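Data first, discussion second: the structure below is written as structure tokens.
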Amino acid sequence: MSSLNRREFLYMMSLLGTSQMFAKSHEKAYDVADVEDYYKIKNFGNARFLHITDTHAQLLPVHFREPSVNLGFYSNFGKPPHVVGHHFNKRYGIKSNSRAEFALSSVNYVQNANRFHKIGGFSHIKTMTDYLRGTFGADKTLFLDGGDTWQGSATSLYTRGKDMVEALNILGVDVCTGHWEFTYKDKEILANIKLLKADFVAQNVYVKDESLMDGVEAYDEDTGHAFKPYVMKKMGDNMVAVIGQAFPYTTIANPQRFIPDWSFGIRPEEMQELVDEIRETKNPDAVIVISHNGYDVDKKMASVVSGIDFILGGHTHDAVPEAYPVKNSKGVTHVINSGSNGKFVGVLDLDISDKKVRDFKFTLLPVFSDLVPADKIMKKHIEDVRAPFIDKLTRPLATTDELLYRRGNFNGTFDQIICNALREVKGADISMSPGFRWGTSILPGGTITFDDLMNQTSMTYPETYIREVKGSDLHIILEDVADNLFNADPFLQQGGDMVRTGGLSYKIDPMQKMGKRITNLELTNGMHIEANKMYKLAGWSTVGSQSEGEPIWDTVITYLEEHKHIKNIKLETPDIIGVKDNPGIDLSMYKH
Amino acid sequence: MKRRKFLGLGLSAVAFSTVASANILKEHPQAFDAKSIEEAIKGLYGTSETLNDGKAKLKAPDIAENGAAVPVTVSTTLENPKTMVITVDGNPHPLVAAWEVQPGTIPKFSTRIKMRKTANVTLIVEDENGKLHSVTKQVKVTVGGCGG
């Protein structure tokens, strides 16, 4: 395969950067007659995949600031997706104050966001993907969704994911897999999959042996698969296998209590057996995996499993504008990740002949909501879904002088609000908030609505807690989460960011072994955390069992209505050791 | 064969292997009380020297979904294995399971083991000449609750 894809991308980005392609966009904003004017992708090959992932139920266009800290170490040092900020701009030739920078980079974010319109939105995605499918040939195009689609907004929670199932049906998605989908109750998940017109695939989810014995239904009793592991799809003259890989650590990073009968895991041996079986018995022209592993896990899986042509991945929310080649025992597998929150559609065109992928082209297309007109049917669906809750959703809670965002390995400004709220409202010494990678951004000068707050907190286990915790246990918690993020073995990384802390500062050395990364634990007043002393800790989103407190959004509403206006946020981020030359952090943006 | 039926058979196989390992228990009553792997293995086989030659096969998760019941599957490519044992170095009593393999049976067993913390799980297979073959895999047990 050639590296044509990256060259093509750079070409397209240079157009975006100099605004040639979009020169007339401002005159024609919102009434563009022909999308072709703006999204001129030359058709290539004979099979097209459209890929969205981790949209987190963002039906409307969003602001979402990409991370300025996404550290990679060892074999992932400086490799995608661990290239951020100015390093990212340099690698991909992105110009300052361009649309490409606004979509893909954290540099000049506020400036760009004030200049350009929001990105994404399902009615814009619908127009764009209809166009991309129509111009290439619907019979040769497959539309894949990588999961984390049914969760992340107020309406997705209120409808138990059904608003998103309908949105996927309207989009015409062909194949899906999942992660946060599994945070609803098992019966709800199965009912939603019945409503879903797409195939829901997962080779790595099994019904537990003891549950099978109790008579729990499986998709395949012979193998124990809870869901269809893969589907064969006709694309023009070619037959293509699409294998599903759900998030392997769902039952560890999220509650087991909603899905007690299902067992997950990366299961690379099973993946290899399945690929071999498909290659031997189904005679496929190409083998594709729709994955929710996360970028580094996908890269490692691509190196230990052979026979996969492309992994279209998600989970770690990486907008990576290139297909990353990984060598394995029988050839090369390319790993792709198409960003998050509906900001992008990945377009992968394959040239297939004689049972082989001869060449390909990959383009990560930003969904500029001012350039792509809204699809009427999807727009109506979104309005209908929101209508019963619209007063509640649009209720203003506070205003802000600060850019509010979450994404990044360490604390974001919206998490700081959550951590401050937990401490203040619950009277705690210390607060903790999970390092989720979802959660949209709000610009300085903006209003925080209930809708915005739900975009940061909407989930099926939002309950808060306050409890007494020993200093040594605080250390253990931080070490445990840090190891999930920075373990040298990608198969032991769960794909979340570091837990956010309020009232607690520390130093972190990511290259150390577990138990030795976190030092200098201190309270805000400078007092050292003592191992045997008890501290009042407040938090939310407990995985093990349901906590007793009110949902986190109530805690934050109390705080926001008390403060009314957010300014001068003091971001509590740790001192990081050994990252001066790491392209996974833009130090010009850290602690600023 | 349907998995449910197979599991039914599997249960009887487990029952059988418990009988078989009862022999091991009878001959080496202290093995399961041993505080270290070396003590346990020496007690069972008279030596703790093992070959890491890829003939012992161990399947276990990278991270346990539930430390109280970690699914482990053991097997071997050796022709006539005599016994197979599992040890966990983080447990107070590291020897956690033992099978005596009857001639003509397929040497493949699945079980659930309890692990209190991140540790190395080791399978040791005794071949027909009394030589020991081993394989080790680390299984992580997380405190959980704050990731995401």
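Chains as they are written, first to last, in this note's numbering: chain Z, 1 to 592; chain D, 1001 to 1148. Ideal Cβ placement from N, Cα and C applies to all residues, glycine included. In this text the structure is predicted, and so the values were computed from the model without any measurement.
Measure from the alpha carbon of Thr-519 (chain Z) to the alpha carbon of each residue in Z:Leu-492, Z:His-87 and Z:Ile-477, then state which is nearest.
-> The residue you call residue 519 (chain Z) lines up with position 519 of the first sequence. Cα-wise, what sits closest to Thr-519 (chain Z) is Z:Ile-477.
Can you list, in chain order, the stretches of the alpha helix (DSSP H) that have 4 or more residues and sit fully within the region 358-412 of chain Z?
-> Listed in chain order, they are 376-386 and 390-393.
From Z:Asn-484, Z:Ala-482, Z:Thr-573 and Z:Val-332, residue whose alpha carbon lies closest to that of Ser-505 (chain Z) = Within the first sequence, residue 505 (chain Z) is the residue found at index 505, counting from 1. Nearest C-alpha to Ser-505 (chain Z) among Z:Asn-484, Z:Ala-482, Z:Thr-573 and Z:Val-332: Z:Thr-573.
Are the C-beta atoms of Leu-492 (chain Z) and some chain D residue less than 8 Å apart?
-> In the first sequence, the residue the question calls residue 492 (chain Z) occupies position 492. It does; some Cβ of chain D falls within 8 Å.
Would Met-301 (chain Z) be called buried (16 or more neighbouring beta carbons within 10 Å of its own) or exposed?
-> Residue numbering aside, residue 301 (chain Z) sits at position 301 when the first sequence is read from its first letter. Buried: at least 16 other Cβ atoms inside 10 Å.
Among residues of its own chain, excluding the 5 on either side of Phe-182 (chain Z), which ones have a beta-carbon nearer than 6 Å to its beta-carbon?
-> Residue numbering aside, residue 182 (chain Z) sits at position 182 when the first sequence is read from its first letter. Within the same chain, Cβ atoms closer than 6 Å to the Cβ of Phe-182 (chain Z) are found at Thr-250 and Ile-259, the five residues on either side in sequence being excluded.
Which residues of chain D have a Cβ atom closer than 7 Å to the Cβ of Gly-265 (chain Z), listed in chain order?
-> Residue 265 (chain Z) sits at position 265 when you count from the first residue of the first sequence. Under the 7 Å cutoff, chain D gives Pro-1061.
Which residue spans inside the region 140-165 of chain Z form an unbroken beta strand (DSSP E) run of at least 3?
-> Counting only runs of 3 or more, we get 141-145.
C-alpha gap between Gly-342 (chain Z) and Gly-446 (chain Z), whole angstroms = Locating residue 342 (chain Z) in the first sequence gives position 342, counting from the first residue. Locating residue 446 (chain Z) in the first sequence gives position 446, counting from the first residue. Taking the straight line joining both Cα atoms gives about 21 Å.
Kindly identify the DSSP beta-bridge partner or partners of Thr-1122 (chain D).
-> Residue numbering aside, residue 1122 (chain D) sits at position 122 when the second sequence is read from its first letter. Bridge partners of Thr-1122 (chain D): D:Thr-1087 and D:Thr-1136.
Where Trp-438 (chain Z) sits in the DSSP three-state scheme = As a working note, residue 438 (chain Z) is residue 438 in the first sequence. Reduced to three states, the DSSP call for Trp-438 (chain Z) is coil.
Chain-ordered residues of the region 454-483 of chain Z with a beta carbon less than 7 Å from chain D | Within the region 454-483 of chain Z, Ile-476, Ile-477, Asp-480 and Val-481 place their CB atoms closer than 7 Å to a CB of chain D, listed in sequence order.
Could you name the residues of the same chain whose beta carbon sits closer than 6 Å to that of Asn-169 (chain Z), not counting the 5 residues immediately before and after it, in chain order?
-> Position 169 of the first sequence, counted from the first residue, corresponds to residue 169 (chain Z). Lys-197, listed in sequence order.
Reducing DSSP to helix, strand and coil, say where Ile-477 (chain Z) ends up.
-> Taking the first sequence and counting its residues from 1, the one referred to as residue 477 (chain Z) is at position 477. When secondary structure is reduced to three states using DSSP, Ile-477 (chain Z) falls in the helix class.
Neighbour list for Tyr-184 (chain Z) in chain D, Cβ cutoff strictly below 7 Å | Indexing the first sequence from 1 puts residue 184 (chain Z) at position 184. Close to Tyr-184 (chain Z), with beta-carbon spacing below 7 Å, lies no residue of chain D; the smallest spacing is near 17 Å.
Counting contacts by CB-CB distance shorter than 8 Å, is Ala-1013 (chain D) in contact with chain Z?
-> Counting from 1 along the second sequence, the entry for residue 1013 (chain D) is found at position 13. In this prediction, Ala-1013 (chain D) scores a pLDDT of 44, lower than 50, which makes its location untrustworthy; the coordinate-derived value is nonetheless stated afterwards. At a cut-off of 8 Å between beta carbons, Ala-1013 (chain D) makes no contact with chain Z.
Cβ shell of Thr-1073 (chain D) (< 6 Å), same chain only, five flanking positions each side left out = For this step, residue 1073 (chain D) is matched to residue 73 along the second sequence. For Thr-1073 (chain D), where only same-chain residues beyond five positions count, the Cβ hits under 6 Å are Lys-1059 and Ser-1110.
Beta-bridge pairing of Tyr-230 (chain Z) - partner residues as DSSP gives them | Here the question's residue 230 (chain Z) lines up with position 230 in the first sequence. Beta-bridge pairing links Tyr-230 (chain Z) to Z:Ile-243.
Inter-residue spacing [alpha-carbon to alpha-carbon] between Gly-172 (chain Z) and Arg-407 (chain Z) = Here residue 172 (chain Z) refers to the residue found at position 172 of the first sequence. Here residue 407 (chain Z) refers to the residue found at position 407 of the first sequence. A straight line joining the alpha-carbon of Gly-172 (chain Z) with that of Arg-407 (chain Z) spans about 29 Å.
Arg-467 (chain Z) in three-state terms, based on DSSP | By 1-based counting over the first sequence, the position of residue 467 (chain Z) is 467. Strand.
Select from the region 1040-1067 of chain D all residues with a C-beta closer than 9 Å to any C-beta belonging to chain Z, and list them in chain order.
-> Considering only beta carbons, the part of the region 1040-1067 of chain D lying closer than 9 Å to chain Z consists of Lys-1059, Pro-1061, Asp-1062, Ile-1063, Ala-1064, Glu-1065 and Asn-1066, in chain order.
Cβ of Val-1143 (chain D) less than 8 Å from any chain Z Cβ?
-> Here residue 1143 (chain D) refers to the residue found at position 143 when the second sequence is read from its first residue. Chain Z, which has a Cβ nearer than 8 Å to the Cβ of Val-1143 (chain D), makes this yes.
Kindly say whether Ile-529 (chain Z), judged by its beta-carbon, lies nearer than 8 Å to any beta-carbon of chain D.
-> Indexing the first sequence from 1 puts residue 529 (chain Z) at position 529. Answer no: the Cβ-Cβ gap between Ile-529 (chain Z) and chain D never drops below 8 Å.
Identify the continuous alpha helix (DSSP H) that holds Met-498 (chain Z) and give its terminal residues.
-> Walking along the first sequence from the start, residue 498 (chain Z) turns up at place 498. Looking at the DSSP string, Met-498 (chain Z) is not in any alpha helix (DSSP H); the run it does join, the beta strand (DSSP E), is 497-502.
What do you get for Met-232 (chain Z), buried or exposed, if any count of 16 or more other CB atoms within 10 angstroms of its CB means buried?
-> Within the first sequence, numbered from 1, the residue matching residue 232 (chain Z) stands at position 232. Around the C-beta of Met-232 (chain Z), fewer than 16 other C-beta atoms lie within 10 Å, and the residue is accordingly described as exposed.
Could you work out which residue in Z:Gln-203, Z:Asp-222 and Z:Asn-283 is closest to Asp-209 (chain Z) when comparing CA atoms only?
-> Counting from 1 along the first sequence, the entry for residue 209 (chain Z) is found at position 209. The shortest C-alpha separation from Asp-209 (chain Z) is found at Z:Asp-222.
Beta-bridge pairing of Cys-419 (chain Z) - partner residues as DSSP gives them = Residue 419 (chain Z) sits at position 419 when you count from the first residue of the first sequence. Its beta-bridge partners do not exist; DSSP assigns none.
Buried or exposed by the 16-neighbour rule on C-beta atoms within 10 Å, applied to Leu-371 (chain Z) | Indexing the first sequence from 1 puts residue 371 (chain Z) at position 371. Residue burial is scored here from C-beta neighbours: Leu-371 (chain Z) has at least 16 other C-beta atoms within 10 angstroms and is therefore classed as buried.
Pick out whichever of Z:Val-357, Z:Asn-487 and Z:Gly-471 has its Cα sitting closest to the Cα of Asn-76 (chain Z).
-> Working through the first sequence from its first residue, we reach residue 76 (chain Z) at position 76. Here the closest residue by C-alpha is Z:Asn-487.
Going along the chain, which residues of its own chain have a beta-carbon closer than 8 Å to the beta-carbon of Glu-522 (chain Z), five neighbours each way excluded?
-> Numbered from its first residue, the first sequence carries residue 522 (chain Z) at position 522. Same-chain partners within the cutoff: Leu-504, Ser-505, Tyr-506, His-528 and Ile-529.
Along the beta strand (DSSP E) that carries His-528 (chain Z), what are the first and last residues, could you check?
-> Sequence index remark: in the first sequence, residue 528 (chain Z) carries index 528 (1-based). From DSSP, His-528 (chain Z) is part of no beta strand (DSSP E); its letter is neither H nor E.
Consider the Cβ of Ile-252 (chain Z): report whether some Cβ of chain D lies at a distance smaller than 8 Å.
-> As a position in the first sequence, residue 252 (chain Z) is number 252, starting the count at 1. True, the Cβ-Cβ gap to chain D drops below 8 Å.
Interface residues of chain D around Glu-269 (chain Z) at Cβ under 8 Å?
-> The residue labelled residue 269 (chain Z) in the question sits at position 269 within the first sequence. Residues of chain D whose Cβ lies closer than 8 Å to the Cβ of Glu-269 (chain Z) are, in chain order, Lys-1059.
Using a cut-off of 7 Å between C-beta atoms, extract the partners of Tyr-249 (chain Z) located in chain D.
-> Here residue 249 (chain Z) refers to the residue found at position 249 when the first sequence is read from its first residue. Against chain D, the beta carbon of Tyr-249 (chain Z) has neighbours under 7 Å at Ile-1063, listed in chain order.
Residues within the region 1110-1141 of chain D neighbouring chain Z, beta-carbon criterion of under 7 Å = Within the region 1110-1141 of chain D, the residues whose Cβ lies closer than 7 Å to some Cβ of chain Z are Lys-1140, listed in chain order.
Have a look at D:Gly-1054, D:Thr-1105 and D:Lys-1042 and flag the residue whose alpha-carbon is nearest the alpha-carbon of Asn-1158 (chain D).
-> Lying outside 1001 to 1148, the shown extent of chain D, residue 1158 (chain D) is not represented and no answer is given.
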